[in-house]
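These notes concern the structure reproduced below.
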Amino acid sequence: MKNTNRNLIPDRVNPSPDYYCTWQTQLYATSDGKPAKQRESICEHSLFGSERPFGWSRFYETARRDLLLVMDDSWDVPPDGNSAYFGSLLLDREKFPQATAGKVSNADALKRLTDRIRALGWKGLGGWVCAQEAPLFSKEATPKVYWRARLEDAARSGFAYWKVDWGKQANNADFRKMLTDLGHEIAPGLTVEHAIIPDILPYADTYRTYDVPA
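Everything in the sequence shown is counted per numbering that gives the first Met the number 0, starting at 0 for the first residue and increasing by one.
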């Protein structure tokens with residue numbers, strides 16, 4: 000009998016900003032149920048290492064072209080979990096030694112990492128963003144200047160997604176709208192995701208209804 004089955008999935012890259020987020024994998028890799036260990040575990044070795052439970056960039060081989068890979072909580076925080084770095088969006092040198100090797104700008108380090116992820120077939124690279132200026136750097140510039148610099152890094156590196164989550168400004172719709180507006184101006188290729196407060200719905204590129212339990 001002739002097989003008349005038809006594949007109804009179009010043979011083209013999915014235009015939706017769907018992604019694989021590393022947070023639950025960070026939990027599985029540490030197996031202790033505590034956020035401190037989860038946060039410590041997101042690093043270059045976790046993404047590209049060859050032994051279990053690492054090598055996360057090799058997940059979803061047949062679907063990568065339709066997915067972004069989003070590094071979750073603390074990719075921009077040192078292994079010791081120093082909370083003064085939350086919201087820095089600076090690729091941590093200890094966690095990402097290959098991407099940050101040499102005298103390289105943060106934008107160039109992010110581009111190295113982005114290019115490496117794309118070379119494996121992913122649609123792009125994104126990251127979790129604490130909804131605040133990092134306390135360690137917050138006095139260096141006004142909020143707009145602070146976020147403009149980080150959006151310029153995203154634009155130059157091809158960074159594709161910001162997952163804006165909790166933080167001191169998490170419930171501030173004006174802050175979230177500012178990020179989206181600046182993003183559209185400076186890094187039009189970047190998708191800015193919001194969560195927590197429905198007031199941001201009219202302005203969000205995407206909106207996360209929050210975590211779906213495993």
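All C-beta atoms in this analysis are idealised placements derived from N, C-alpha and C, irrespective of residue type, glycine included.
Here the C-alpha atom of D31 lies approximately 12 Å from the C-alpha atom of S40. Nearest neighbour of R51 by Cα position, chosen from R11, K36 and Q25, turns out to be Q25.
When only Cα atoms are considered, F58 and L119 end up about 10 Å apart. When DSSP reads this structure, L181 sits in no beta bridge, so it has no partner. Distances from the alpha-carbon of V163 to those of T141, T205, P201 and D152 put T205 closest.
Y19 is positioned such that its CB atom lies closer than 8 Å to that of V69. At a Cβ-Cβ threshold of 8 Å, W22 and D91 do not count as neighbours. By alpha-carbon distance to D152, the top candidate from K143, G48, Q168 and S104 is S104. Inter-segment contact for the region 194 to 203 and the region 131 to 145 is absent: fewer than three beta-carbon pairs are separated by less than 8 Å. Judged by DSSP in its simplified three-state form, A194 adopts strand. The residues L67 and A159, in chain order, have a CB closer than 6 Å to that of G123 in the same chain once the five nearest residues on each side in sequence are set aside. DSSP places K122 outside any alpha helix (DSSP H), giving it a letter other than H or E.
In this structure, the straight-line span from the alpha carbon of Y209 to that of T61 is close to 26 Å. Per DSSP, the continuous alpha helix (DSSP H) segment holding W146 begins and ends at P142 to S156. CA-CA distance, K94 to N4, rounds to 47 Å.
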